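Engineer:
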Amino acid sequence: VSRRGRGSKAVFEGGKWPSWINTYVPKFTGGFWAPEIVYMNDRYYLYYSCSTFGTSVSAIGVATSPTLDQSSADYKWTDQGRVVSSSSAGDVNAIDPSVFKDDNGKVYLTYGSYFNGIGIIELNPATGKVKAGTRLKHIAGGGSSAFEAPYITKEGKYYYLFVNRADCCKGPYSTYYIVTGRSISPTGPFFDKNGINLRGSGSVAGGTTVMVTSGRYIGPGHMGLLRDNGRNLVSTHYYDGNYYGEPKLDISDLQFTHDGWPVISRDLIPAGRYKITNKNSNMVWEAAGCSDQGSVQLIQNNDNGSAACQFWDLTPVGDGYYKISNEPRNESVDLPFCNSLNGINLQTFPWINTYCQKFKIEQLVNGFYVFTSLANPVLSKVIQVPSESASVGTLLDISDFNGSASQQWMLREVNPPAVLDANDIANNGFTARWNTTPEATGYRLDVTTTFVDAAYQTIAEWNFQSGTNTANNGITDNLNKTITATGTAAPVYAAQGNGGQTARATGWNSTVPEKFWEINFTTENYYNLKVSSKQRSSSTGPLHFKLQYK
16 VSRRGRGSKA VFEGGKWPSW INTYVPKFTG GFWAPEIVYM NDRYYLYYSC
66 STFGTSVSAI GVATSPTLDQ SSADYKWTDQ GRVVSSSSAG DVNAIDPSVF
116 KDDNGKVYLT YGSYFNGIGI IELNPATGKV KAGTRLKHIA GGGSSAFEAP
166 YITKEGKYYY LFVNRADCCK GPYSTYYIVT GRSISPTGPF FDKNGINLRG
216 SGSVAGGTTV MVTSGRYIGP GHMGLLRDNG RNLVSTHYYD GNYYGEPKLD
266 ISDLQFTHDG WPVISRDLIP AGRYKITNKN SNMVWEAAGC SDQGSVQLIQ
316 NNDNGSAACQ FWDLTPVGDG YYKISNEPRN ESVDLPFCNS LNGINLQTFP
366 WINTYCQKFK IEQLVNGFYV FTSLANPVLS KVIQVPSESA SVGTLLDISD
416 FNGSASQQWM LREVNPPAVL DANDIANNGF TARWNTTPEA TGYRLDVTTT
466 FVDAAYQTIA EWNFQSGTNT ANNGITDNLN KTITATGTAA PVYAAQGNGG
516 QTARATGWNS TVPEKFWEIN FTTENYYNLK VSSKQRSSST GPLHFKLQYK
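Numbered according to the working numbering, the sequence shown spans residues 16 to 565.
1. Between Tyr90 and Ser80, is the Cβ-Cβ spacing less than 8 Å?
2. For Lys31, count neighbouring C-beta atoms within 10 Å of its own C-beta (all shown protein chains included) and say buried if the count is 16 or more, exposed if not.
3. Use the C-beta contact count for Ala447: other C-beta atoms within 10 angstroms, 16 or more gives buried, fewer gives exposed.
4. Would you report the Cα separation of Gly335 and Asp268, rounded to the nearest angstrom?
5. Quick one: any contact between the stretch 298-316 and the stretch 255-265, if contact means 3 or more CB pairs under 8 Å?
6. What's the gap between the Cα of Asn131 and the Cα of Phe47?
7. From Lys146 to Glu377, what distance separates their C-alpha atoms?
8. By Cβ distance, which residues of its chain are closer than 7 Å to Ser103, with the 5 residues on each side in sequence left out?
9. Taking a contact to mean a Cβ-Cβ separation below 8 Å, would you say Arg427 touches Thr223 in this structure?
10. Using only CA atoms, which one of Asp118, Tyr384, Val98, Ser395 lies nearest to Tyr126?
11. Within the chosen definition, does the stretch 403-412 reach the stretch 282-291 through at least 3 CB pairs nearer than 8 Å?
12. Beta-carbon within less than 7 Å of Leu83's beta-carbon, same chain only, minus the 5 sequence neighbours each way: which residues are those?
13. Please report the Cβ distance between Phe326 and Asp349, rounded to the nearest whole angstrom; I am assuming they are in contact, meaning their Cβ atoms lie under 8 Å.
14. May I have the straight-line CA-CA distance separating Trp35 from Gly96, to the nearest angstrom?
15. Could you name the residues of the same chain whose beta carbon sits closer than 6 Å to that of Glu529, not counting the 5 residues immediately before and after it, in chain order?
16. By a C-beta neighbour count over all protein chains shown, 10 Å radius and 16 as the cutoff for buried, is Ile167 buried or exposed?
17. Output the boundary residues of the alpha helix (DSSP H) element that contains Trp35.
18. Below 8 Å, how does it come out for the stretch 381-393 and the stretch 354-361: are there three or more Cβ pairs, yes or no?
19. Alpha carbon to alpha carbon, how far is Gly20 from Asn345?
20. For Gly69 and Asn108, I'd like the C-alpha separation in whole angstroms.
21. Shortest alpha-carbon distance to Tyr173 belongs to which of Asn179, Thr149, Thr202, Ser160?
22. Can you check DSSP and say which residues form a bridge with Tyr174?
23. Going straight from the alpha carbon of Ser340 to that of Asp328, what length do you get?
24. Given a cut-off of 8 Å, decide if Val400 and Val385 are closer than it, judged by their beta-carbon atoms.
25. In chain order, which beta strand (DSSP E) runs of at least 3 residues are fully inside the stretch 347-379?
26. Just the C-alpha distance for Gly287 and Lys338, rounded to the nearest angstrom, thanks.
27. State the Cα-Cα distance for the pair Phe250 and Trp366, rounded to the nearest angstrom.
28. Out of Leu379, Ile413, Pro112, state which residue places its alpha-carbon closest to the alpha-carbon of Leu389.
29. Going by beta-carbon coordinates alone, are Ser64 and Asp106 separated by less than 8 Å?
30. Is the distance from the Cβ of Glu163 to the Cβ of Asn179 below 8 Å?
31. Are Lys294 and Trp424 closer than 8 Å when you measure CB to CB?
32. Kindly indicate which three-state DSSP category Gly239 falls into: helix, strand or coil?
33. Between Asn381, Ser347, Phe383, Tyr289, which has its C-alpha nearest Cys371's C-alpha?
34. Alpha carbon to alpha carbon, how far is Ile199 from Met238? Give it in angstroms, no decimals.
35. Rounded to whole angstroms, what's the CA-CA distance from Tyr289 to Val429? Just pull it up for me.
This is the structure in structure tokens:
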């Protein structure tokens with residue numbers, strides 16, 4: 016709050032803070048942390064923590080501003096004073112504020128740390144302060160059980176509490192990880208996937224793990240969530256194990272499984288087949304020569320529409336990195352010998368799962384993407400068209416990031432799925448395959464049990480995409496099968512007069528919590544299955560389905 020980043024204006028100038036803080040945190044020295052900003056009543060509310068580190072002598076205050084635009088004449092933060100405070104180990108420690116606004120207009124503040132776990136209290140939405148007559152309720156941890164950094168969000172009928180456990184703030188030795196529980200009420204109780212209440216002490220407390228240290232990402236923590244045009248983008252901080260333990264910000268993707276449990280992934284780009292176009296030259300990636308010769312260089316060329324050498328398959332390989340492969344030899348983009356000097360040209364090479372072949376794909380604010388090689392994680396070289404060339408045949412190479420248009424790329428999915436009308440789906444079955452790991456998040460069917468007329472609106476939410484990837488060819492278990500629903504012997508059809516009764520899956524055992532559509536193959540031709548809608552149904556009965564191998 017008081018420490019300014021480059022070009023930013025401080026809320027409270029360094030060495031200065033509201034006088035009320037001295038009453039509740041006598042040994043406060045100006046080190047604010049863990050701010051939270053929400054928009055209410057035509058203004059922004061900034062909740063901030065002030066504490067004596069290592070104790071529960073803490074307080075959460077709030078300041079307001081009509082705008083976040085620092086160039087505006089109206090930009091000014093006005094402190095509104097204390098919201099909550101704590102003074103002993105028996106209190107919920109008043110740090111790490113997080114505000115949740117429910118659908119009914121109620122607003123809640125959740126906060127806490129090691130000292131007596133996590134609490135939640137209702138706020139007055141008109142003031143941003145604690146609502147008169149309300150009391151704090153404990154919802155997770157207690158007794159120095161290492162719960163902190165809470166965050167609550169709602170998905171469907173459930174409220175999800177995300178909290179951190181273990182040790183923060185120890186650089187590459189941090190053991191922070193994130194767990195979750197869910198409830199039908201924002202004030203709990205919250206239970207994990209095994210039915211254990213998060214309101215426990217030490218190892219007794221529940222929590223389904225959703226994010227842990229992985230690769231370079233050490234001690235991920237303090238989750239935030241941005242819902243943006245159908246995407247659920249999770250923010251966390253971490254220590255970069257590939258860069259001397261430097262603290263950094265991470266962005267991940269949040270989705271929910273068929274049975275309503277969150278899954279967090281750094282794979283922000285859906286697996287699929289793409290054309291990759293340069294912002295500066297408007298030319299696309301090409302495996303030079305467009306032949307079946309192996310180990311060729313990457314060039315830029317005019318988009319010829321259908322040449323396989325200009326199609327690139329993006330496949331997640333963990334921690335947000337991608338394998339980028341090309342037909343017809345199915346070789347992957349490779350940095351020869353992991354040489355990370357500026358100007359090194361790229362080639363295709365058989366996949367051997369090395370750092371030389373893995374790339375981070377990150378989107379800029381203008382919608383274009385940057386491809387960063389993992390070959391040398393400290394240097395972080397990106398793919399570019401050298402010298403901002405607009406010439407056909409220019410070899411692609413790597414260089415330091417400078418923000419130029421020649422280092423920016425647009426992704427366009429080849430043959431993107433189009434929504435099908437239910438009556439367009441043939442009544443003699445169809446062929447399908449998914450182009451990522453079976454049961455992977457984002458590739459589930461989310462259908463209701465109520466469509467029994469000719470409209471079949473829910474089936475119309477499925478869509479299909481032609482594909483030529485033959486990675487599953489020869490796997491006998493995936494060939495010559497029909498599409499069925501578990502619990503029935505009849506194939507699932509969608510044409511008028513057939514789909515209703517079968518799609519309802521009548522005769523299923525209602526006591527079995529998980530029901531599945533089984534997507535199988537009728538021929539050796541492949542199609543990619545995607546889902547155009549993830550809306551949940553409010554109808555009764557089995558609501559959610561997922562893909563699985565049979």
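From the three backbone atoms N, C-alpha and C, an ideal C-beta is built for every residue, glycine too.
Predicted model only: the values in this text are computed from it and were never measured.
Structural biologist: Quick look at the numbers:
1. yes
2. Result: exposed.
3. With a pLDDT of 32 at Ala447, under the threshold of 50, the predicted position of this residue should be treated as unreliable, though the coordinate-derived value follows. It is buried - the Cβ of Ala447 has at least 16 other Cβ atoms within 10 Å.
4. 10 Å
5. no
6. 21 Å
7. 42 Å
8. Ser71
9. No, the pair does not count as a contact, with Cβ atoms beyond the cut-off.
10. Val98
11. no
12. Tyr59
13. The Cβ separation is near 17 Å, so there is no contact.
14. 7 Å
15. For Glu529, the predicted structure reports a pLDDT of 32, less than 50, and the residue's modelled location is therefore unreliable. A value from the coordinates is still provided. Here the set comprises nothing.
16. buried
17. 35-39
18. yes
19. Any reading at Gly20 must be qualified, since the residue scores a pLDDT of 48, below 50, and its modelled position is unreliable; the value itself is stated next. Cα to Cα, Gly20 sits roughly 45 Å from Asn345.
20. 10 Å
21. Thr202
22. Lys169, Ser198
23. 5 Å
24. no
25. When DSSP assignments are scanned along the stretch 347-379, the uninterrupted stretches of beta strand (DSSP E) that are 3 or more residues long and fall wholly within it turn out to be 362-364, 374-378.
26. 11 Å
27. Per the sequence shown, residue 250 should be read as Ser rather than Phe. Looking at the two C-alpha atoms, the distance is approximately 31 Å.
28. Ile413
29. no
30. yes
31. yes
32. strand
33. Ser347
34. 21 Å
35. 5 Å
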